[in-house]
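Engineer:
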Amino acid sequence: MKPTIRDIAERAGVSKTSVSFAFNDPSRLPQETVQRILAVADELGYMPNPLARSMTSKRTGNLGMLFPQPLQEILKNLYTLELLRGVGHVCDEHGYNLVLVSPLLGSMRHAVSHAVVDGFLTIGLEHYKSTVLLLDKREIPYVMVDSEPYVGAACVNIDDSAGAYEAMYHVLANGHRRIAILGIQSGKHGHFEEYVGTIAYRVQGYRRALNEFGLDIDQKTVRLVECPCTQAGGYQAMKQLARWKPTAVVAMADIIAAGAIDAAVELGIQVPAQLSIVGYDDLPLARWLNPPLTTVAQPTFEKAQYATRLLLEIMDGKSAEKEHMFATQLVERASVARVAPQ
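Next comes the structure, spelled out in structure tokens:
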């Protein structure tokens, strides 16, 4: 027979309630009592039932990260891995498991309703307001990350517009006037006036810098091309743009910029002598590229940590701020040069 809580209580000389506390809320018992109970449990080979524990404690011990894209797609992006590092660090500190949640059989509704978690970090849900309403209906705590602020919801972002402005201004200040923007695939097919959230703010920053030099995204001297946020996406986009011969590429993500550099090398285009390239994120790979990538640094790891701690505060019923924005910084490396004279 499997050992029970009663067996542990009798062997340890404590009540069944104390055994429950030892597994579910050890802070309510003296540390030595907890250790004695756990030692007896190990001796008897007792393993608590996770479902029964969650019904008793009203907690599953799981935090969810909710993405609108399939897992195989999001895990191609090294930015996602940096987010996971930050969230995982806080989960380890507080004893939580981390569950990655993506559309279940193509349905965000199914994903939210089937996830067994105590709270969600939602990543880039600006196109999915119906999903946010579903989270409200389920009455589950959540914090939005990289999303346009939603009324009443806690949201953690970076100053995307300011970062994009710095990236574009840097290219323009180096004399470039034939510029390609490699944008993150949006479903809007390049109609940037319909963008929302993160990519809308980045386009806003790009255009503000362009306007200061009498330019705009006109698809003649400044082109915007969307691509998947992967290295392969940047590679294919750069191959398509090669005939147009831009002197500079401003990418919305480092991983896209890395693909653009790969394509340039393959095509015999020298970076930065013939083509300058700027990224966004300052992932570790930005320093390893050849040449090292000029990019906009955002504190991805710290942002993920902050959002996770904010979620835990909300789950504990504490009053928490609704919006927090981190600053960005341009990091100049070797992938940008002054435009070559014609």
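Following my numbering, the numbering of the sequence shown begins with 18 at its first residue and continues without gaps. Using N, Cα and C, we set each Cβ at its ideal position, and we do this for glycine too.
#1: Measuring straight from C-alpha to C-alpha, what distance separates GLY285 and HIS111?
#2: Tell me, which residues are paired with CYS244 by DSSP?
#3: Drop a sphere of 10 angstroms on the beta-carbon of ALA56, count the other beta-carbons inside from all chains shown, and report buried for 16 or more, exposed for fewer.
#4: Going by DSSP in three states, GLY136 sits in which element: helix, strand or coil?
#5: Can you tell me the Cβ-Cβ gap for GLY180 and THR311, rounded? I've got them flagged as a contact below 8 angstroms.
#6: From the DSSP output, which residues share a beta bridge with VAL129?
#7: ASN174: buried (16+ other C-beta within 10 angstroms of its C-beta) or exposed?
#8: Check for me: the alpha helix (DSSP H) holding LEU121 runs from which residue to which?
#9: For a test of your reading of the model: does the CB of GLU340 fall under 7 angstroms from any non-hydrogen atom of the ligand MG? Yes or no.
#10: Can you list, in chain order, the residues of its chain whose CB lies under 8 angstroms from that of LEU292, leaving out five sequence neighbours each side?
#11: Let me confirm a value: PRO245 is counted as buried when at least 16 other C-beta atoms fall within 10 Å, else exposed. Which label applies?
#12: Unbroken alpha helix (DSSP H) runs of length 4 or more, entirely within the segment 43-68: which are they?
#13: In angstroms, rounded to a whole number, what distance separates the CA positions of TYR4 and VAL36?
#14: Straight-line CA distance for PRO308 to PRO289?
#15: Does the segment 236-254 come close enough to the segment 148-165 to have 3 or more Cβ pairs within less than 8 angstroms?
#16: Could you give the C-beta distance for LEU315 and PHE343, rounded to a whole number, given that I count them as a contact under 8 angstroms?
#17: Can you list, in chain order, the residues of its chain whose CB lies under 8 angstroms from that of LEU122, leaving out five sequence neighbours each side?
#18: Would the beta-carbon of VAL295 fall within 8 angstroms of that of SER336?
#19: Locate the beta strand (DSSP E) running through GLY192, then write down its first and last residues.
#20: Could you pull the start and end residues of the alpha helix (DSSP H) that GLN322 belongs to?
#21: So is PHE137 buried or exposed if we call it buried at 16+ other beta carbons inside 10 Å?
#22: Tell me, which residues are paired with PHE343 by DSSP?
#23: Taking the C-alpha atoms as reference points, what is the distance between LEU306 and GLY251?
#24: Where DSSP assigns a beta bridge to ASN94, which residues make up the other side?
#25: Taking ASP298 as part of the beta strand (DSSP E), name the residues at either end of that continuous run.
#26: Taking the C-alpha atoms as reference points, what is the distance between LEU361 and LEU258?
#27: Answer yes if the segment 113-131 comes into contact with the segment 176-194, meaning at least three C-beta pairs across the two stretches below 8 angstroms, and no otherwise.
#28: Within 10 Å of its beta-carbon, does ARG155 have 16 or more other beta-carbons around it, so buried, or fewer, so exposed?
#29: What whole-angstrom Cβ distance do ASN94 and THR247 have, given they're in contact under 8 angstroms?
Structural biologist: With the given structure in hand:
#1: Approximately 51 angstroms between the Cα atoms of the pair.
#2: Its beta-bridge partners are ILE201.
#3: Exposed, since its Cβ has fewer than 16 Cβ neighbours within 10 Å.
#4: Note: GLY136 maps to strand in three-state DSSP.
#5: Rounded to the nearest angstrom, the Cβ distance from GLY180 to THR311 is 12 angstroms, too far for a contact under 8 angstroms.
#6: Beta-bridge pairing links VAL129 to no other residue.
#7: ASN174 should be labelled buried.
#8: Element bounds for LEU121: n/a, residue is neither H nor E.
#9: Of the ligands one can find in the structure shown there are none, so the ligand MG has no counterpart to examine.
#10: Result list for LEU292: PRO263, THR264, ALA265, VAL266, ALA281 and ILE286, in chain order.
#11: Counting of Cβ neighbours within 10 angstroms places PRO245 among the buried residues, the total reaching 16 or more.
#12: For the segment 43-68, the continuous alpha helix (DSSP H) assignments of 4+ residues that do not extend past its boundaries occur at 48-61, in sequence order.
#13: In the structure as shown, the chain starts at 18 and stops at 359, and residue 4 therefore has no counterpart that could be examined.
#14: Taking the Cα positions, PRO308 is about 8 angstroms away from PRO289.
#15: No, the segment 236-254 does not touch the segment 148-165.
#16: Looking at the sequence shown, residue 315 is not Leu but Gln. 7 angstroms between Cβ atoms; contact.
#17: For LEU122, where only same-chain residues beyond five positions count, there are no Cβ hits under 8 angstroms.
#18: Contact annotation: VAL295 and SER336 have beta-carbon atoms that are not nearer than 8 angstroms.
#19: Neither: GLY192 is in no beta strand (DSSP E) and is coded neither H nor E.
#20: Residues 317-332.
#21: PHE137 should be labelled buried.
#22: DSSP output for PHE343 lists ILE175 as bridge partner(s).
#23: C-alpha separation (whole angstroms): 14 angstroms.
#24: According to DSSP, ASN94 bridges with nothing at all.
#25: Secondary structure note for ASP298: its beta strand (DSSP E) is the uninterrupted segment 293-298.
#26: Examination of residue 361 is not possible in this model, given that the chain is present from 18 through 359 alone.
#27: Segments in contact, no.
#28: Residue burial is scored here from C-beta neighbours: ARG155 has fewer than 16 other C-beta atoms within 10 angstroms and is therefore classed as exposed.
#29: In this structure, ASN94 and THR247 form a Cβ contact; the two beta carbons are roughly 6 angstroms apart against a cut-off of 8 angstroms.
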